[in-house]
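Written below as structure tokens is the structure these notes are about.
In the numbering used here, the protein residues as written are 800 to 937.
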């Protein structure tokens, strides 16, 4: 009944799945936040890990096949249970990417604004303060 063939990946995914539920948070709460695009309930490192531990199509298919054959969910290991929760979220990967974009947007636009301000200041000084010699075509 092992669905993840790579033991190292399975172990890492199981460790990540348990870190998702630190404190009073439940995996269902995290998946609900992803499903409803509530970035304030998640953090960037969590989303990056969720991208890293996204199941591949074979793993997803095996879990769905297990569910369709009325397999007992309580028998799943932590990694497989994590995948079980993920397949319940429509377009999971796209939602995680959208949440990461949303979280990073403010910082990225602030950096662009800073670079734009430097460019504008430099242009102003060049044009108005005549730092460089004036070029006159002949």
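Idealized CB from N, CA, C, for every residue including glycine.
Inter-residue spacing [alpha-carbon to alpha-carbon] between residue i and residue j
i	j	result
residue 841	residue 817	15 Å
residue 826	residue 919	48 Å
residue 812	residue 853	9 Å
residue 880	residue 820	13 Å
residue 904	residue 867	40 Å
Within 7 Å, strictly: CB atoms of residue i and residue j
i	j	result
residue 902	residue 838	yes
residue 953	residue 830	Any question about residue 953 goes unanswered here, given that the chain covers just 800 to 937.
residue 886	residue 863	yes
residue 861	residue 802	yes
Bounding residues of the alpha helix (DSSP H) (the contiguous stretch that carries residue i)
i	result
residue 817	806–819
residue 904	891–927
residue 850	843–851
residue 833	826–834
residue 873	Premise fails: residue 873 is in no alpha helix (DSSP H) and is neither H nor E.
Selection from the options that minimises the alpha carbon distance to residue i
i	options	result
residue 892	872, 927, 846, 867	846
residue 805	855, 844, 926, 823	855
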